[in-house]
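Single-structure report; data block below.
Residue numbers (our numbering): 1 to 246.
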């Protein structure tokens with residue numbers, strides 16, 4: 001039997017907020033090692049889509065599987081999938097009362113049951129990877145926004161995820177801080193991490209993405225390679241979107 005190389009499989013996924021149909025029959029496959037950028041206008045369902053993958057949002061119909069595990073309503077299923085998935089949010093969500101090092105070690109120690117020594121060794125290694133290890137003793141309030149976001153990426157990596165989800169990770173940053181976070185993500189992509197990234201940073205999309213998924217009004221209108229999306233997109237809605245942001 002051929003091994004399934006998909007990291008994520010979504011079939012006929014629908015979600016409503018009351019009467020608002022936010023996701024409409026979403027079908028999406030993500031292979032292991034793929035880097036996918038999800039873009040589209042505000043309110044198109046981008047963030048909701050990736051938040052459904054680790055059950056931060058609950059879909060009402062259709063099926064989702066992550067690393068071969070079906071996502072079901074019970075907490076055992078949800079916990080098993082969340083153990084495979086790291087997520088970086090628009091806002092950093094660091095614990096303000098904990099040092100950078102403790103922010104990074106808390107999850108592995110409590111969830112993965114690793115020793116403090118092992119958790120701290122891993123944390124320092126990943127903080128070095130995002131080029132911020134010297135900030136380990138500091139508290140989040142002592143860091144810039146870009147530094148805090150890099151800590152958030154390191155914290156997610158400390159959980160040893162197979163898949164990373166990024167929900168507009170640079171949108172809350174000052175322009176001069178955006179590059180340092182994108183550079184970190186570019187390096188992570190170069191290491192072969194499976195990534196789904198909701199972003200308006202089209203330069204990043206050109207450089208890193210294997211595929212670009214364009215959404216509008218809860219639907220996927222385009223799913224194509226970057227060169228096709230930027231140079232010959234078939235969707236008039238996508239062309240209008242690109243004309244506004246490029």
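For each residue, glycine too, the CB sits at the ideal point set by N, CA and C.
Just so you know, these numbers come straight off a predicted model, no measurement behind them.
My assumption, with CB atoms under 8 Å, is that residue i sits in contact with residue j. Please give the rounded CB distance.
i           : j           : result
residue 251 : residue 54  : Given a span of 1 to 246 for the chain in the structure shown, any question on residue 251 remains unanswerable.
residue 26  : residue 38  : Not really, about 11 Å apart at Cβ, beyond 8 Å.
residue 140 : residue 175 : Wrong, their Cβ atoms sit about 21 Å apart, outside the cutoff.
residue 262 : residue 170 : The structure shown has nothing for residue 262, since the chain only spans 1 to 246.
Grouping DSSP H, G and I as helix and E and B as strand, with all else coil, what is residue i?
i           : result
residue 157 : helix
residue 11  : strand
residue 54  : coil
residue 183 : helix
residue 165 : strand
residue 101 : helix
residue 120 : helix
residue 151 : helix
residue 248 : Outside the displayed span of the chain (1 to 246) sits residue 248, for which this structure offers no information.
residue 1   : For residue 1, the predicted model reports a pLDDT of 43, less than 50, meaning its position is unreliable and no value from the coordinates is stated.
residue 193 : coil
residue 33  : coil
residue 132 : coil
residue 176 : helix
residue 236 : helix
residue 222 : strand
residue 213 : strand
residue 20  : strand
residue 96  : coil
residue 78  : helix
residue 28  : strand
residue 227 : helix
residue 41  : coil
residue 146 : helix
residue 86  : strand
residue 114 : coil
residue 140 : helix
Determine the contact status of residue i and residue j, defining contact as a CB-CB distance below 7 Å.
i           : j           : result
residue 201 : residue 214 : no
residue 109 : residue 123 : no
residue 107 : residue 75  : no
residue 156 : residue 90  : no
residue 219 : residue 24  : yes
residue 35  : residue 205 : no
residue 43  : residue 12  : no
residue 40  : residue 231 : no
residue 60  : residue 93  : no
residue 31  : residue 5   : yes
residue 252 : residue 81  : Examination of residue 252 is not possible in this model, given that the chain is present from 1 through 246 alone.
residue 212 : residue 226 : yes
residue 45  : residue 22  : yes
- Would you call the stretch 67 to 74 and the stretch 126 to 133 in contact, with 3 or more CB pairs under 8 Å? No: the two stretches stay apart, fewer than three of their Cβ pairs being nearer than 8 Å.
- Query: Should the stretch 194 to 202 be called in touch with the stretch 159 to 173, which here means at least 3 C-beta pairs below 8 Å?
  - Reply: yes
- Query: Using 8 Å as the Cβ pair cut-off and three pairs as the minimum, do the stretch 151 to 160 and the stretch 84 to 103 touch?
  - Reply: yes
- Query: Any chance the stretch 171 to 179 sits against the stretch 130 to 140, with 3 or more Cβ pairs inside 8 Å?
  - Reply: no
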